Structure formats: structure tokens, C-alpha cells
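Below is one structure, written out as C-alpha cells; comments come after it.
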Amino acid sequence: MLFTIITVCFNSEMTIERTIQSVLNQTCQDYEYIIIDGASTDGTMDIVRKYEPLFQGRMRWISEKDQGIYDAMNKGIGVASGELIGIVNSDDYYEPDALEIMKNLYTGYRYSILYGAVRAVKDGRETMVYIKNHEFIEQDMITHPSCFISKKLYDTFGRYSLEYPYSADYEFMLRIRNEKEIRYFKTYDIITNFTSGGVSDTRKGYRDTMKLLYHYHLIGKKRYYYEMIKTWIAMMVR
2 MLFTIITVCF
12 NSEMTIERTI
22 QSVLNQTCQD
32 YEYIIIDGAS
42 TDGTMDIVRK
52 YEPLFQGRMR
62 WISEKDQGIY
72 DAMNKGIGVA
82 SGELIGIVNS
92 DDYYEPDALE
102 IMKNLYTGYR
112 YSILYGAVRA
122 VKDGRETMVY
132 IKNHEFIEQD
142 MITHPSCFIS
152 KKLYDTFGRY
162 SLEYPYSADY
172 EFMLRIRNEK
182 EIRYFKTYDI
192 ITNFTSGGVS
202 DTRKGYRDTM
212 KLLYHYHLIG
222 KKRYYYEMIK
232 TWIAMMVR
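Convert by adding 1 to the 1-based position in the sequence shown; the result is the number in the numbering used here.
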């Protein structure tokens with residue numbers, strides 16, 4: 002099997018149906034679909050169960066409490082059987098030809114990271130289309146919602162650190178950035194539609210990012226404390 006698609010969710014009944022449909026309707030059908038649910042208390046799992054038969058045995062799901070989104074992602078990676086793993090969150094959705102594009106981009110190399118462009122969506126409307134370059138990973142995270150990473154890469158270099166609850170995907174990319182065996186493959190095609198988060202999550206995520214940039218010596222102590230104090234004040238007065 003070429004692809005494993007993972008969706009992590011918790012109380013996502015308002016958005017997950019669109020996500021599931023975007024996976025179901027892919028032009029390339031060489032995939033399995035794994036949903037990791039954090040013991041939702043709304044109708045999320047009712048929606049998952051409704052769609053399960055339509056995948057004809059290619060959907061699996063786990064519903065249990067977890068330690069956050071990256072713990073759930075790690076669970077999914079642990080049971081994945083595809084060569085390439087893509088993670089689409091429960092409020093995001095793929096373009097219909099996302100897997101077809103990635104299939105054509107993939108060379109079979111064991112330590113591969115494939116990525117493309119993302120369409121940002123807010124309140125149902127497109128705000129921008131963008132792509133970020135892996136060559137500048139120390140300045141900014143590449144478009145992770147559009148990434149497909151080889152299973153062997155996770156098996157060799159590890160999974161997501163739970164120390165960074167908002168930025169573990171960026172920490173992963175920084176951790177492996179100097180591994181010479183890893184190869185990156187980029188397309189300018191739109192792969193994923195990404196739903197923008199709220200102000201609170203944005204600020205908490207920014208603080209998390211500052212923490213890991215400081216950890217990897219990409220910013221100095223003065224900049225780190227300045228940014229942490231500035232965002233703390235902003236969170237207190239909002």
C-alpha cells in the first residue's frame with residue numbers, strides 16, 4: 002500500500018465529514034485511512050461509523066483518550082502500513098487529486114518528504130495560497146498540512162515530541178534538518194485546504210515555537226524572553 006492517511010480528532014462533528022469526504026473521493030485509491038479520536042463526546046464517531054463501510058475495509062479507527070494532538074498522530078503513525086504518511090486534520094481537507102500528485106512526485110526513496118502548496122481558508126473563504134521552502138526551515142515551518150513523509154523516515158528518526166503541544170511538527174523538522182540521507186520533493190500544486198485557527202491558539206503556538214527555536218539555538222536568550230513576555234502580556238489583556 003502506498004499511502005496511509007491519518008486524521009486526528011476530538012469533538013469534531015462540525016467539520017470532520019468534509020475531511021472524510023475529501024479522503025474518500027481521491028482520484029488515487031491506493032491508501033488506507035486511519036482516524037484517531039480522543040474519546041469524543043459529541044457526534045464525531047457517529048459520522049466516522051457512517052462512512053466506514055464506504056471505504057470497503059480501508060478505514061480503521063481508534064477512539065480513546067490521548068495526551069493531545071501529537072500523541073494521537075504518533076498512535077496513527079505506529080499502526081500505519083503505507084509507504085508514505087499524510088496527516089490531514091479534522092477541520093482541513095485534501096484537494097481531490099492530492100494523492101495522485103504525490104504518487105507522481107514519489108521516487109520510492111526510503112527517506113522522503115514530499116510537500117506542496119496550501120490554500121488557507123477562513124469562514125469558508127480563501128484567504129491565500131502559499132508554499133514554504135524546506136531550504137529555509139530554520140526561519141519558518143514548511144507547509145506541513147501538505148506533507149507526506151515516508152514511514153521509514155519516522156521509524157529511523159523518531160516521531161513527534163510531546164514537549165511541544167503546539168509546534169511538535171516544526172520541532173520534528175528542525176530535529177531532522179541536517180540529516181543528509183533525507184530528500185525533499187516539492188510541487189507547487191495545491192494539496193490541502195487549511196482552516197485558520199483562533200487568536201488564542203495562534204499565540205500559544207507562537208510561544209511554543211519560540212521555545213523550540215531557543216532550544217535549537219536559532220534565537221538568543223534576549224529575543225526569547227522578549228517574545229515570551231510580549232505574548233504573555235497580549236494574552237492577559239485580550
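By construction, the Cβ of each residue, glycine as well, lies at the ideal position given by its N, Cα and C atoms. Keep in mind the model is a prediction, meaning the values are calculated, not measured.
Beta-carbon contacts of residue i that lie in its chain and below 7 Å, excluding the five residues immediately before and after
i	result
L219	E139
Y215	Y225
D141	K133
E228	M211
E101	T28, C29
M74	I7, V9, I88, Y161
K205	Y167
M174	I138, M142, I143
I177	F158, I183
Y207	T232
Beta strand (DSSP E) segment containing residue i, residue limits
i	result
R178	Looking at the DSSP string, R178 is not in any beta strand (DSSP E), and its letter there is neither H nor E.
D190	184–196
G79	Taken as a continuous stretch (DSSP letters only), G79 belongs to no beta strand (DSSP E), being part of the alpha helix (DSSP H) at 70–80.
I88	85–88
F4	4–10
CB-CB length for residue i against residue j, believed under 8 Å
i	j	result
D93	T196	6 Å
L163	Y71	6 Å
I78	D38	Wrong, their Cβ atoms sit about 16 Å apart, outside the cutoff.
D190	G117	5 Å
Residue i to residue j span [Cα, whole Å]
i	j	result
T42	T20	19 Å
T232	L213	15 Å
D156	G83	12 Å
N179	R111	17 Å
Y154	I88	As written in the sequence, residue 154 is Leu, which differs from the Tyr given in the question. For L154 and I88, the distance between alpha carbons rounds to 15 Å.
L115	Y185	6 Å
V119	K222	33 Å
G58	K51	13 Å
C148	A235	32 Å
I150	S23	19 Å
Y95	N194	6 Å
Y217	D209	13 Å
D170	H145	7 Å
T203	S168	11 Å
D67	R61	17 Å
E136	M46	40 Å
G199	A121	Because G199 sits at a pLDDT of 48, beneath the cut-off of 50, its placement in the model cannot be relied upon, and the point is left open.
F56	M2	15 Å
F158	E182	11 Å
S201	S91	At S201 the pLDDT is 44, less than 50, meaning the model places this residue with poor confidence; the figure from the coordinates comes in the next sentence. Approximately 19 Å, taken between the alpha carbons.
K104	I86	12 Å
Opposing strand residues paired with residue i [DSSP bridges]
i	result
A121	M129, F195
S64	D38
S151	L85
I114	I150, Y185
Y217	Partner(s): none; Y217 has no beta bridge.
E33	T5
Y94	N194
Residues near residue i in its chain [Cβ-Cβ closer than 8 Å; skip 5 each side]
i	result
I48	E14, I17, E18, I21
G44	E14
A81	T5, I7, E33, I35, K152
Cβ-heavy atom distance, residue i to the ligand PLP, below 7 Å
i	result
G109	Of ligands this structure carries none, so the ligand PLP is not represented either.
Unbroken alpha helix (DSSP H) run spanning residue i, endpoints
i	result
I48	45–52
I102	99–106
L25	17–25
Neighbourhood of residue i by C-beta, 6 Å cutoff - its chain only, sequence neighbours within 5 removed
i	result
A99	I192
F11	G39, S41
G69	P166
K123	S197
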